[in-house]
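2 protein chains.
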Amino acid sequence: MTSRRKFVQAAGLSAVAAGLWGWKEADEGSAKPVRAPLVLGIAGYTFTKVPVDTGISMMKRVGITELSIKDVYCPLDSSAEVIHGVVEKFRQNGIHIYAAGVIYMKTEQEVDRAFEYAKAMGVDLIVAAPNPELLSYTEQKVKGYNIRVAIHNHGPEDKLYPSPVDVYDHIKGLDARMGLCLDIGHAVRAGADPVKVVGDYAPRIFDLHIKDLAVVSKVAKPIELGRGVLDIPGLARVLNRIGYSGRCSIEHEMDMNDPLPGIAESAGFFRGVVKTLG
Amino acid sequence: MTSRRKFVQAAGLSAVAAGLWGWKEADEGSAKPVRAPLVLGIAGYTFTKVPVDTGISMMKRVGITELSIKDVYCPLDSSAEVIHGVVEKFRQNGIHIYAAGVIYMKTEQEVDRAFEYAKAMGVDLIVAAPNPELLSYTEQKVKGYNIRVAIHNHGPEDKLYPSPVDVYDHIKGLDARMGLCLDIGHAVRAGADPVKVVGDYAPRIFDLHIKDLAVVSKVAKPIELGRGVLDIPGLARVLNRIGYSGRCSIEHEMDMNDPLPGIAESAGFFRGVVKTLG
Numbered sequence: 013m014t015s016r017r018k019f020v021q022a023a024g025l026s027a028v029a030a031g032l033w034g035w036k037e038a039d040e041g042s043a044k045p046v047r048a049p050l051v052l053g054i055a056g057y058t059f060t061k062v063p064v065d066t067g068i069s070m071m072k073r074v075g076i077t078e079l080s081i082k083d084v085y086c087p088l089d090s091s092a093e094v095i096h097g098v099v100e101k102f103r104q105n106g107i108h109i110y111a112a113g114v115i116y117m118k119t120e121q122e123v124d125r126a127f128e129y130a131k132a133m134g135v136d137l138i139v140a141a142p143n144p145e146l147l148s149y150t151e152q153k154v155k156g157y158n159i160r161v162a163i164h165n166h167g168p169e170d171k172l173y174p175s176p177v178d179v180y181d182h183i184k185g186l187d188a189r190m191g192l193c194l195d196i197g198h199a200v201r202a203g204a205d206p207v208k209v210v211g212d213y214a215p216r217i218f219d220l221h222i223k224d225l226a227v228v229s230k231v232a233k234p235i236e237l238g239r240g241v242l243d244i245p246g247l248a249r250v251l252n253r254i255g256y257s258g259r260c261s262i263e264h265e266m267d268m269n270d271p272l273p274g275i276a277e278s279a280g281f282f283r284g285v286v287k288t289l290g
Numbered sequence: 013m014t015s016r017r018k019f020v021q022a023a024g025l026s027a028v029a030a031g032l033w034g035w036k037e038a039d040e041g042s043a044k045p046v047r048a049p050l051v052l053g054i055a056g057y058t059f060t061k062v063p064v065d066t067g068i069s070m071m072k073r074v075g076i077t078e079l080s081i082k083d084v085y086c087p088l089d090s091s092a093e094v095i096h097g098v099v100e101k102f103r104q105n106g107i108h109i110y111a112a113g114v115i116y117m118k119t120e121q122e123v124d125r126a127f128e129y130a131k132a133m134g135v136d137l138i139v140a141a142p143n144p145e146l147l148s149y150t151e152q153k154v155k156g157y158n159i160r161v162a163i164h165n166h167g168p169e170d171k172l173y174p175s176p177v178d179v180y181d182h183i184k185g186l187d188a189r190m191g192l193c194l195d196i197g198h199a200v201r202a203g204a205d206p207v208k209v210v211g212d213y214a215p216r217i218f219d220l221h222i223k224d225l226a227v228v229s230k231v232a233k234p235i236e237l238g239r240g241v242l243d244i245p246g247l248a249r250v251l252n253r254i255g256y257s258g259r260c261s262i263e264h265e266m267d268m269n270d271p272l273p274g275i276a277e278s279a280g281f282f283r284g285v286v287k288t289l290g
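Here the protein sequences line up with chains V and H, keeping their order.
Under my numbering, think of the first position of the first sequence as 13, with each following residue one higher.
Under my numbering, think of the first position of the second sequence as 13, with each following residue one higher.
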């Protein structure tokens, strides 16, 4: 039995719910490979203003089971015991924590702490923004822990990684387990085309933060998927083309005290795109 | 100026919001015809359990401006003055009441009342379930008022119009202003294929109630669009093919006391389908 199946059974999920996971696994009953559908997740920043139980209930309501956890739900200096408790709480609610982040790292100690945190969390992916002078040190940790790092682009006002192009330029010569968490909204604000970025950097795209922008502008605010100008069908097409097996995590950054309707609308929109592409 | 433009200006809607209406009108600046995008609406039964102000705020939140009003928000025996007040309240909130219904009609007096109600409401469409023996009388009223009637199919347990095929068989020989409000969930429960129904009865499809079903079964409960088995992309394709110019109204029949997340998810899904089809 695959680890995915074990998790699904442990979480008491139905076969239908399990299908939502979409993880690629060896097909045990047939020789025919099946392309895994794109999988929705939630980027934990979405839940900055709501209690953890509310966040969990919102994920259950919209049928999303993959979470990139933000430290608001589990501080970075938590003990392994506390971290295990958080993971277990989510697991009992059918939610799989697949990554931790965004974690900023300004010192070697903060890099160390992030990897210990991720290890205790049981994730193989840190969504991160290490200071560039720490990238070589971070790479050593990636090799030592066998935990991937996806560096997050944060838009034109960010001094470290404004565009996914800046991220790629920093990591292209480093270990293949160092890549991008492509934030499509910040990317467009910084002048990058997410569809091109995914195509160009395919093997290094480890995670996605999806959202929309009402206009193409450096100062555009994020809105619900489908309300704006970003080419979400084009993004889904290129993700399908490269066989993307990560998550497409909704980062909802409006109505932070009442995010459920916007999360639901964005989830619906993405599912509509995926369903139509077939 | 078209009546649509007048309404849009009166409602203080922006050009972007106006674009959401998608009504077909003569293009005043170009000779090139543009296919109107499919337009979302809300079927008023969705709001059975929430106060009118809540329903209005939910429509504004999800960006849907077209409502088929149910009598819960305006009783059928209301005076014209009361009806005008209801219409004005919605108009001031940027919401256009495009139809009234579903209105059941068991006597000629109830038919009379429905047409007076629709006239006072300013709509050109009644979503209805008149007893079959009243169809000839209803047809006279359609001609007299020049108000269309869209008969609603209500599923296998309905004695009058279980399937859209039953509706069509009753109205095919009647005035062309008598047609269908195709409820895709009830249609599938009654063994009909909504995609085929739209293609076969194209000129008579005046309105749509959209929803999803978890399974194909006579007793399946409606769920959020995209969560179930109905072919929503196929429906949107055939609607585009026939040049459907009515509304695609979400009828959300679960979580009736807290429908907003489900409405938002369904709206997002439909928009994702429409956007992907282009």
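For each residue, glycine too, the CB sits at the ideal point set by N, CA and C.
Being a predicted model, the structure only gives us computed values, none of them experimental.
Hey, does V/N101 have any beta-carbon neighbour from chain H nearer than 7 Å? The residue you asked about is not Asn; residue 101 of chain V is Lys in the sequence shown. False, the Cβ-Cβ gap to chain H never drops below 7 Å.
With distances taken Cα to Cα, identify the nearest neighbour of V/P168 among V/V200, V/A112, V/A130 and V/L289. Of the listed residues, the one whose Cα sits closest to V/P168 is V/V200.
So, is the C-beta of H/E277 closer than 7 Å to a C-beta in chain V? So, interface residue.
Determine the closest residue to V/R160 out of V/D195, V/G258, V/A248 and V/K171, with distance taken between C-alpha atoms. Here the closest residue by C-alpha is V/G258.
Once you ignore the five residues that flank H/G67 on each side, which residues in its own chain have a CB closer than 6 Å to its CB? Taking C-beta separations shorter than 6 Å and ignoring five residues to either side along the sequence, the partners of H/G67 in its chain run F59, following chain order.
Nearest to V/P273 by alpha carbon, out of H/R73, H/G56 and H/Y110? The residue with the shortest Cα to Cα distance from V/P273 is H/R73.
Quick one: list the residues of chain H neighbouring V/V74, beta-carbon separation under 8 Å, in chain order. What V/V74 touches in chain H: P273 and E277.
State the DSSP-derived secondary structure class of V/S80, mapped to helix, strand or coil. In this structure, V/S80 counts as strand in the three-state DSSP scheme.
Can you give me the C-alpha to C-alpha distance between H/L137 and H/A279, rounded to a whole angstrom? C-alpha separation (whole angstroms): 23 Å.
Option in H/R239, H/L247, H/E263 and H/R216 with minimal Cα separation from V/A276: Looking from the CA of V/A276, the closest CA among H/R239, H/L247, H/E263 and H/R216 belongs to H/R239.
Applying the criterion that 16 or more other CB atoms from any shown protein chain within 10 Å of the CB defines a buried residue, is V/D224 buried or exposed? It is buried - the Cβ of V/D224 has at least 16 other Cβ atoms within 10 Å.
Would H/L79 and H/I54 qualify as a contact pair, given that the criterion is a beta-carbon distance under 7 Å? For H/L79 and H/I54, yes; Cβs fall inside 7 Å.
Please name the residue in V/Q121, V/L247, V/Y157 and V/T77 whose C-alpha comes closest to that of V/K131. The shortest C-alpha separation from V/K131 is found at V/Y157.
Counting along the chain, where does the alpha helix (DSSP H) carrying V/Y85 start and finish? It is not in any alpha helix (DSSP H) - V/Y85 carries neither H nor E in the DSSP assignment.
Is any beta-carbon of chain V found at less than 7 Å from that of H/V200? Not an interface residue.
Please check if any C-beta of chain V sits within less than 7 Å of the C-beta of H/R283. The beta-carbon of H/R283 is placed less than 7 Å from the nearest beta-carbon of chain V.
Would you kindly work out how many angstroms separate the C-alpha atoms of V/A162 and V/N143, rounded to a whole number? Across the structure, V/A162 and V/N143 are spaced so that their CA atoms are roughly 13 Å apart.
Where H/S261 sits in the DSSP three-state scheme: Here H/S261 sits in strand by DSSP.
Are the region 180-195 of chain V and the region 146-154 of chain V in contact at 8 Å, needing three or more beta carbon pairs? In short, these stretches touch, since the Cβ pair count reaches three.
Out of V/G191, V/S229 and V/P215, state which residue places its alpha-carbon closest to the alpha-carbon of V/A204. Closest option to V/A204, Cα to Cα, is V/S229.
Where V/L52 falls: helix, strand or coil (DSSP): V/L52: strand per DSSP, three-state reduction.
With a threshold of 7 Å between beta-carbons, can H/P234 be considered close to chain V, or not? Not one chain V Cβ lies under 7 Å of H/P234.
Residue environment, H/E263, which counts as buried when at least 16 other CB atoms sit within 10 Å: H/E263 should be labelled buried.
As a quick exercise: from H/C260, H/N252, H/A214 and H/E265, pick the residue whose alpha carbon is nearest that of H/K233. For H/K233, the nearest C-alpha among the options comes from H/E265.
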